[in-house]
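Some notes on the structure that comes next.
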């Protein structure tokens, strides 16, 4: 076989997309090594990506959760002044308020102020106070977290559509629906979700109340 045929055969054994590495074509050259400038730009880009991602996460969380500091004694003894709570601002976008929910809302008389109170009445409920107790639709509202009698509501109140009736847990020292009336739902910021400060009070916010239908309101 001729020398030219051998060369042709050798060429056929090398895939055209591959490059033979010989002494004349070294695998690594100085031109391939990253420069200090390239490394600096890579670090800067990674840092910028981290900052942008952190900001996106922050704003997404901010849309759904907000931190509030309690600035009064109106929710004693269950929430003390200077406690911090997290509020779920998406709760009522996907669900309805329930009796016993602790909610943060804009003060109907000054929307620049925020209050925290407990939901006592829902739309359509009939509320009445008898001997310091709250009755809802003729049944006693059992509130295990409330330790004082409730006063200040005269006659029956029927809660309007898209409104709530709210009260502070400290019934003798709270400005609530007994003062400013029913709370429009569009003023509700969200549902108090978690107590985060001080650490010894850390935990889920309690929302339990129930209706004792057996304890029907006596005839007036």
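Numbering (our numbering), first residue to last: 127 to 346.
Where is the CB? At the ideal position from N, CA and C, for every residue including glycine.
With contacts defined as CB atoms closer than 8 Å, residue 213 and residue 319 qualify as a contacting pair. Excluding sequence positions up to five before and after residue 334, its CB lies within less than 8 Å of the CB of 226, 270 and 271, all in the same chain and listed in chain order. Here the alpha carbon of residue 324 sits roughly 30 Å from the alpha carbon of residue 235.
Ranking 205, 330, 292 and 331 by CA distance to the CA of residue 314 puts 292 first.
Counting along the chain, residue 321 sits inside the beta strand (DSSP E) bounded by residues 314-323. Per DSSP, residue 217 is not a residue of any beta strand (DSSP E), being assigned neither H nor E. Between residue 265 and the set 277, 233, 251 and 163, the nearest pair of CA atoms involves 251. In this structure, DSSP gives residue 250 a state outside helix and strand, which the three-state scheme calls coil.
Spatial neighbours of residue 300 in its own chain (CB-CB distance under 6 Å, excluding positions within 5 residues in sequence) are listed in chain order as 200 and 294. The beta carbon of residue 283 sits closer than 6 Å to those of 253, all from its chain and outside the five residues before and after it, given in chain order. Residue state for residue 244 is assigned as strand, using DSSP reduced to three classes. For residue 305, there is no enclosing beta strand (DSSP E); the enclosing alpha helix (DSSP H) has its first and last residue at 303-306.
By a beta-carbon distance limit of 8 Å, residue 211 does not contact residue 297. Their separation comes to about 20 Å. Of the other Cβ atoms in all chains shown, fewer than 16 fall within 10 Å of the Cβ of residue 273; this residue is therefore exposed. The three-state secondary structure of residue 258, taken from DSSP, is coil. Judged by DSSP in its simplified three-state form, residue 280 adopts coil rather than helix or strand.
Shown here for residue 248: same chain residues with a beta carbon closer than 7 Å to its own, the five before and five after excluded, namely 223, 225, 285 and 290 in chain order. Sequence-distant partners of residue 280 (beyond 5 residues in either direction) whose C-beta falls short of 7 Å from its own C-beta are missing from its chain. Around the beta carbon of residue 328, fewer than 16 other beta carbons sit within 10 angstroms, so the residue counts as exposed. Within a 10 Å sphere around the beta-carbon of residue 205 sit 16 or more other beta-carbons, which makes this residue buried. Secondary structure note for residue 192: its beta strand (DSSP E) is the uninterrupted segment 191-195. Selection 238, 305, 215 and 332 evaluated against residue 317 yields 215 as nearest (Cα-Cα).
Under the 10 Å beta carbon count, residue 302 is surrounded by 16 or more other beta carbons and is classified as buried.
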